[in-house]
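Anchor point for the sequence shown: position 58 equals 38 in the working numbering, and the numbering is continuous, going up by one each time. Right, one structure below, let's go through it.
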Amino acid sequence: MTTGIIKTKTEKGFGFITVEGSDDVFFHHSACNGQYEMFEIGQKVQFDIVKGDKGPKAENVSAVSGNDDVAEAPVEDESMAA
-19 MTTGIIKTKT
-9 EKGFGFITVE
1 GSDDVFFHHS
11 ACNGQYEMFE
21 IGQKVQFDIV
31 KGDKGPKAEN
41 VSAVSGNDDV
51 AEAPVEDESM
61 AA
């Protein structure tokens, strides 16, 4: 499976997934196993790429559990600031 980040998502039921080192991939709500409404822009997902009529498209789109690869910015403790 390929992983990517949801770039856009419309009320009409489709969007695009950004894939590092590749063109964005189209996805339709029917490829999301009933999870389309739960997806958010910026969310990491995994999917299969298949050949569509207008180019590559995503199938079997599902959320990637956990955000182990997302680095959090350190929080500065204001009480220690001089």
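Every residue, glycine too, gets a C-beta built ideally from N, C-alpha and C. If you're wondering where the values come from, they're calculated on a predicted model, not measured in any experiment.
Problem - beta strand (DSSP E) segment containing I40, residue limits - result: For the sequence presented, residue 40 should be read as Asn rather than Ile. G35 to A43 is the extent of the beta strand (DSSP E) around N40.
Handout entry: Terminal residues of the beta strand (DSSP E) in which G(-16) lies
Key = T(-18) to K(-11)
Practice task
Sort F6, E(-9) and K(-8) by Cα distance to T(-2) and report the nearest one.
Solution key: F6
Practice task
Starting from the C-beta of Y16, find all residues in its chain whose C-beta is less than 7 Å away, skip the five residues before and the five after it, and write them out in chain order.
Solution key: G(-7) and H9
Handout entry: Endpoints, the beta strand (DSSP E) within which D28 is located
Key = Residue range K24 to G32 is occupied by the beta strand (DSSP E) that includes D28.
Exercise for the section: Ignore the nearest five residues each way along the sequence and tell me which others in S42's own chain have a CB closer than 8 Å to its CB. Expected result: The answer, listed in chain order, is C12, N13, Q15, V25, Q26 and F27.
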